[in-house]
Amino acid sequence: DIQMTQSPSSLSASVGDRVTITCQASQDISNSLNWYQQKPGEAPKLLIYDGSNLETGVPSRFSGSGSGTHFTFTINSLQAEDVATYYCQKYYNFAITFGQGTRLEIK
Amino acid sequence: EVQLVQSAAEIKKPGESLKISCKASGYNFTTQWIAWVRQMPGKGLEWMGIIYPDDSDTKYSPSFQGHVSISVDTSISTAFLQWNSLKVSDSAMYYCARPKLGIDWYFPFWGRGTLVTVSS
Chain A
10 DIQMTQSPSS LSASVGDRVT ITCQASQDIS NSLNWYQQKP GEAPKLLIYD
60 GSNLETGVPS RFSGSGSGTH FTFTINSLQA EDVATYYCQK YYNFAITFGQ
110 GTRLEIK
Chain B
-17 EVQLVQSAAE IKKPGESLKI SCKASGYNFT TQWIAWVRQM PGKGLEWMGI
33 IYPDDSDTKY SPSFQGHVSI SVDTSISTAF LQWNSLKVSD SAMYYCARPK
83 LGIDWYFPFW GRGTLVTVSS
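As they're listed, the protein sequences go chains A and B.
Under our numbering, the first residue of the first sequence carries the number 10, and numbering increases by one thereafter.
Under our numbering, the first residue of the second sequence carries the number -17, and numbering increases by one thereafter.
Below, the structure written as structure tokens:
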């Protein structure tokens, strides 16, 4: 079973900062890695799919990169409305795993 | 427009059975997978399983295999998540979700969730 390790578990940043979250897979998963945003009381929202593709309608300050076992999610110029928990999710070999989540707060 | 409408919140007692639903519309229900995701209070997302409605091919997470059952009724475009004997630890929000297309299992489509509370 492929494990996903997401870090950090929480972070605090200022409006305008660049924020980076990483997700590490225990085995090569090619580019089968997606990123979601979840705000309190809401369902998750897909932001990035297949490692680096921006979902339709998602602001361009969100981006993803990586392949194989190491993936990075970046928010350029953090906005107040970006306060949320972010999750990576892999799909590989007919199995899905979510990362543990990263809670993002504004300083 | 793709819509996934989930059944209302449930309050049950330990040992009771439960079946919650996810009604799909806006697309051909039989040709797209539907997944179930658990979120315990204050915790992260956990994939439970996924089903292909056309032939009911189902993949379960090892963590949930044998504890829940996923099924569909194609005549009403609805997916189900079922428990035979609930535990207090089954208290959680349960989401259904649909991938964009085929076996590329990233999920732009989500239901609003069904809150299940199990308490004596």
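All C-beta atoms in this analysis are idealised placements derived from N, C-alpha and C, irrespective of residue type, glycine included.
Quick caveat, the model's predicted, so the values are computed rather than measured.
For residue 96 of chain A, the closest Cβ of chain B is nearer than 8 Å. Counting C-beta pairs closer than 8 Å gives three or more between the segment 66 to 76 of chain A and the segment 41 to 57 of chain A, which meets the contact rule.
With a threshold of 8 Å between beta carbons, residue 48 of chain B makes no contact with chain A.
What residue 64 of chain A touches in chain B, judged by beta-carbon distance under 8 Å, is 90, going in chain order. Listed along the chain, the chain A residues whose CB falls inside 9 Å of the CB of residue 15 of chain B amount to none; the nearest CB is some 10 Å away. The beta carbon of residue 26 of chain A sits closer than 6 Å to those of 87, all from its chain and outside the five residues before and after it, given in chain order.
Taken through DSSP and simplified to helix, strand or coil, residue 58 of chain B comes out as helix. Counting the other CB atoms within 10 Å of its CB gives residue 35 of chain B a total of 16 or more, which places it among the buried residues. Within chain B, the C-beta atoms nearer than 7 Å to that of residue 106 of chain A come from 29, in chain order. Runs of alpha helix (DSSP H) with 4 or more residues, each lying fully within the segment 10 to 82 of chain B, are absent. Listed along the chain, the chain A residues whose CB falls inside 9 Å of the CB of residue 44 of chain B are 10, 104. Note that the C-beta distance between residue 20 of chain A and residue 111 of chain A is below 8 Å.
A check of alpha carbon separations from residue 70 of chain B across B:5, B:22, B:10, B:11 identifies B:22 as the nearest.
DSSP places residue 22 of chain A inside the beta strand (DSSP E), whose first and last residues are 19 to 22. Around the beta carbon of residue 83 of chain B, fewer than 16 other beta carbons sit within 10 angstroms, so the residue counts as exposed.
At a beta-carbon threshold of 7 Å, the residues of chain A lying near residue 87 of chain B are 100, 105, ordered along the chain. For the segment 74 to 86 of chain B, the set of residues with a beta-carbon nearer than 7 Å to any beta-carbon of chain A comprises 77, in chain order. Residues of chain A whose Cβ lies closer than 9 Å to the Cβ of residue 41 of chain B are, in chain order, 103, 104, 105. Counting the other Cβ atoms within 10 Å of the Cβ of residue -7 of chain B gives fewer than 16, which makes it exposed. The Cβ atoms of residue 22 of chain A and residue 115 of chain A sit closer than 8 Å to each other.
By the Cβ test, the segment 29 to 36 of chain A is not in contact with the segment 60 to 70 of chain B, since fewer than three Cβ pairs between them sit closer than 8 Å.
Rounded to the nearest angstrom, the gap between the Cα atoms of residue 26 of chain B and residue 58 of chain A is 19 Å. CA-CA distance, residue 76 of chain B to residue 98 of chain B, rounds to 7 Å. Taken in chain order, the whole beta strand (DSSP E) runs of length 3 or more contained in the segment 16 to 70 of chain A are 19 to 22, 28 to 34, 42 to 47, 54 to 58.
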